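As numbered in numbering that gives the first Met the number 0, residues 0 to 43 make up the sequence shown, in order.
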Amino acid sequence: MSILVDKNTKVITQGMTGDTGTFHTQQALDYGTQMVAGVTPGKG
0 MSILVDKNTK
10 VITQGMTGDT
20 GTFHTQQALD
30 YGTQMVAGVT
40 PGKG
(Lines of atoms letter the chains of each structure in order from A; the text may use other names.)
(Lines give C-alpha, C1' and ligand atoms only; values in the text may rest on other atoms or scores of the structure.)
Protein backbone atom coordinates (compact mmCIF):
# COMPACT_ATOMS: atom_id res chain seq x y z
CA MET A 0 0.00 0.00 0.00
CA SER A 1 1.41 3.38 -0.98
CA ILE A 2 1.04 6.49 1.12
CA LEU A 3 1.18 9.56 -1.09
CA VAL A 4 2.18 12.81 0.59
CA ASP A 5 2.61 16.19 -1.06
CA LYS A 6 2.55 19.87 -0.05
CA ASN A 7 -1.25 19.80 0.28
CA THR A 8 -1.40 16.81 2.64
CA LYS A 9 -2.89 17.52 6.08
CA VAL A 10 -1.49 15.60 9.04
CA ILE A 11 -2.76 14.35 12.40
CA THR A 12 0.05 13.58 14.85
CA GLN A 13 -0.23 10.81 17.43
CA GLY A 14 1.83 11.03 20.63
CA MET A 15 3.00 14.62 20.30
CA THR A 16 3.22 15.68 23.97
CA GLY A 17 6.47 13.93 24.91
CA ASP A 18 9.92 15.37 24.21
CA THR A 19 10.44 13.35 21.04
CA GLY A 20 6.93 13.98 19.73
CA THR A 21 7.21 17.70 20.43
CA PHE A 22 10.58 17.89 18.67
CA HIS A 23 9.42 16.08 15.55
CA THR A 24 6.11 17.96 15.41
CA GLN A 25 7.99 21.28 15.55
CA GLN A 26 10.35 20.08 12.82
CA ALA A 27 7.36 19.20 10.63
CA LEU A 28 5.76 22.61 11.24
CA ASP A 29 9.03 24.39 10.42
CA TYR A 30 9.15 22.40 7.17
CA GLY A 31 5.66 23.62 6.29
CA THR A 32 3.53 20.60 7.14
CA GLN A 33 -0.18 21.38 7.51
CA MET A 34 -0.82 20.04 11.01
CA VAL A 35 -4.57 19.84 11.72
CA ALA A 36 -4.67 17.94 15.02
CA GLY A 37 -2.64 16.11 17.59
CA VAL A 38 -3.69 13.27 19.86
CA THR A 39 -2.04 11.47 22.73
CA PRO A 40 -3.21 7.99 23.76
CA GLY A 41 -4.38 7.76 27.36
CA LYS A 42 -4.71 11.50 27.99
CA GLY A 43 -8.44 11.92 27.55
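Note that the Cβ used here is the ideal one computed from N, Cα and C, for glycine as well.
Just so you know, these numbers come straight off a predicted model, no measurement behind them.
The residue from Gly20, Pro40, Leu3 and Ile11 with its alpha-carbon nearest to that of Gln33 is Ile11.
Note on Met0: under 16 other CB atoms within 10 angstroms of its CB, so exposed under the neighbour-count rule. Partner residues in the beta bridge of Val10, as assigned by DSSP, are Met34. For the set Thr21, Asp29 and Tyr30, the Cα lying nearest the Cα of Gln13 is the one of Thr21. A distance below 6 Å between beta-carbons, with the five flanking residues on each side excluded, links Thr16 to the following residues of its chain, in chain order: Thr39.
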